[in-house]
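Number of protein chains: 2
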Amino acid sequence: MERPRPAKITMSDKKQYTISELAKEFDVTTRSIRFYEDEGLLHPMRQGQSRIFSSKDRARLKLILRGKRMGFSLAETRELFELWDETLTGSEKQLLKTLEVVERRRAQLAQQKNDIEMMEMELDAHESRCQEALTDIRHKQQKATT
Amino acid sequence: MERPRPAKITMSDKKQYTISELAKEFDVTTRSIRFYEDEGLLHPMRQGQSRIFSSKDRARLKLILRGKRMGFSLAETRELFELWDETLTGSEKQLLKTLEVVERRRAQLAQQKNDIEMMEMELDAHESRCQEALTDIRHKQQKATT
DNA sequence: TTAGCAGTTTACGTAAACGTAAAGCAGAGG
DNA sequence: CCTCTGCTTTACGTTTACGTAAACTGCTAA
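Taken in sequence, the protein lines are chains C and F. According to my numbering, the first sequence is numbered sequentially starting from 291. According to my numbering, the second sequence is numbered sequentially starting from 291.
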């Protein structure tokens with residue numbers, strides 16, 4: 291009787307996602323995703339009582355996680371989201387404020403790049419010291435066994 | 291009677307610091323500094339009951355704060371400190387483990403650099419959109435006043 | 001029909017990183 | 001001598017970002 295399947299959630303082109311799909315893809319718990327929704331960072335639709343996430347939600351989740359890796363709080367990320375959204379509807383004053391925020395973020399990124407470079411240099415230095423200490427130790431072992 | 295001042299803590303070459311000096315210099319609260327000590331990240335000497343911080347402590351505080359800007363937890367920073375310290379005394383096994391950790395950090399930094407680049411591109415894009423929206427608005431205002 | 005997931009809400013628990021209030025000691029200046 | 005200022009400890013409070021448990025719903029496979 292091959293009836294057409296009852297309109298599965300997962301369409302072939304994947305414009306929609308279940309909570310566990312996203313959880314698996316990005317390696318976060320469903321709890322976290324729900325929490326992000328509660329905090330106003332994601333706005334999934336509902337089918338019955340189940341959440342359905344759009345590709346926009348997916349993109350946002352990706353941004354949230356990137357923000358976390360960069361040390362941003364959820365509040366900061368939410369602030370960015372809200373600014374982005376206001377870009378479409380905002381007044382001139384709003385837009386100017388947004389540009390200011392963008393500049394501040396840029397400065398922050400510059401600082402972070404600096405921090406990363408310093409950190410890399412230190413890693414280099416300590417790696418060298420480590421290597422030296424290692425060859426030293428091995429040298430001594432060599433001598434001890436002769 | 292010009293006696294020599296009673297051995298002031300602050301020598302001219304500044305190898306020692308009080309808690310509030312460091313707090314001011316790095317714009318953190320004294321509470322935070324004490325907390326870092328409690329967590330084993332700083333090890334100030336004592337003069338009576340007052341803390342005296344060495345320039346090593348100062349350097350470490352700088353590293354702690356940099357770590358925070360990069361999104362590191364205090365535990366992660368402490369782990370690094372401990373590894374650095376072990377470099378001097380560690381066994382071969384210890385040193386190899388340290389090298390592993392260094393590699394992991396490097397990978398993390400690479401990821402962060404990537405994240406930052408992406409973020410910068412997005413800031414560029416949104417800034418452009420903002421600028422467009424602004425000229426649009428101003429255009430309309432121009433028309434409205436003619 | 002029953003069992004078993006996957007999902008839901010509600011709510012209390014927890015770890016990290018401090019904030020903040022209380023209460024006390026110590027030296028310097030008036 | 002008294003007070004002020006800075007430092008100290010002790011300890012409870014707070015925010016963020018979830019973890020975890022309980023109890024319920026709805027679909028699907030056996």
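Every residue gets a Cβ at the ideal spot worked out from N, C-alpha and C, and that includes glycine. These numbers were taken from a predicted model, which means no experiment stands behind them.
According to the DSSP assignment, Ser363/F belongs to no beta strand (DSSP E), since it is labelled neither H nor E.
In chain order, Cys420 make up the part of chain F whose C-beta sits under 7 Å from the C-beta of Thr388/C. Per DSSP, Gln432/F lies in no beta strand (DSSP E); the unbroken alpha helix (DSSP H) holding it starts and ends at Glu382 to Ala434. Listed in chain order, the non-local C-beta contacts of Arg368/C below 7 Å within the same chain comprise Glu329, Gly330 and Leu331, local neighbours out to five positions each way being set aside. Every beta strand (DSSP E) stretch that sits fully inside the region 311–345 of chain F and reaches 3 residues is listed by chain position as 335–337 and 340–344.
By the Cβ rule, the region 387–404 of chain F counts as touching the region 404–415 of chain C, because three or more pairs are nearer than 8 Å. Taking C-beta separations shorter than 6 Å and ignoring five residues to either side along the sequence, the partners of Met335/C in its chain run Ile342, following chain order.
Residues of the same chain with a CB within less than 6 Å of the CB of Glu376/F, apart from the 5 flanking positions on each side, are Gln384 in chain order. In this structure, Asp414/F sits away from Arg356/C, with a CB-CB distance that is not shorter than 8 Å. CA-CA distance, Ala400/F to Lys403/C, rounds to 11 Å.
Leu385, Leu386, Thr388, Leu389, Val392, Arg395, Arg396, Leu399, Gln401, Gln402, Lys403, Asp405, Ile406, Met408, Met409, Glu410, Leu413, His416, Glu417 and Arg419: these are the residues of the region 385–419 of chain C whose beta carbon lies less than 8 Å from some beta carbon of chain F, given in chain order. The beta carbon of Ala313/F is closer than 7 Å to those of Thr319, Thr320 and Ile323 in its chain, skipping five residues each way along the sequence. At a beta-carbon threshold of 7 Å, the residues of chain C lying near Ile427/F are Glu382, ordered along the chain. At a beta-carbon threshold of 8 Å, the residues of chain C lying near Thr377/F are His416, Arg419, Cys420 and Ala423, ordered along the chain.
What Arg359/F touches in chain C, judged by beta-carbon distance under 9 Å, is Gly361, Gln398, Gln401, Gln402 and Asp405, going in chain order. Sorting Phe362/F, Thr379/F, Arg350/F and Arg419/F by C-alpha distance to the C-alpha of Trp374/C places Arg419/F at the top.
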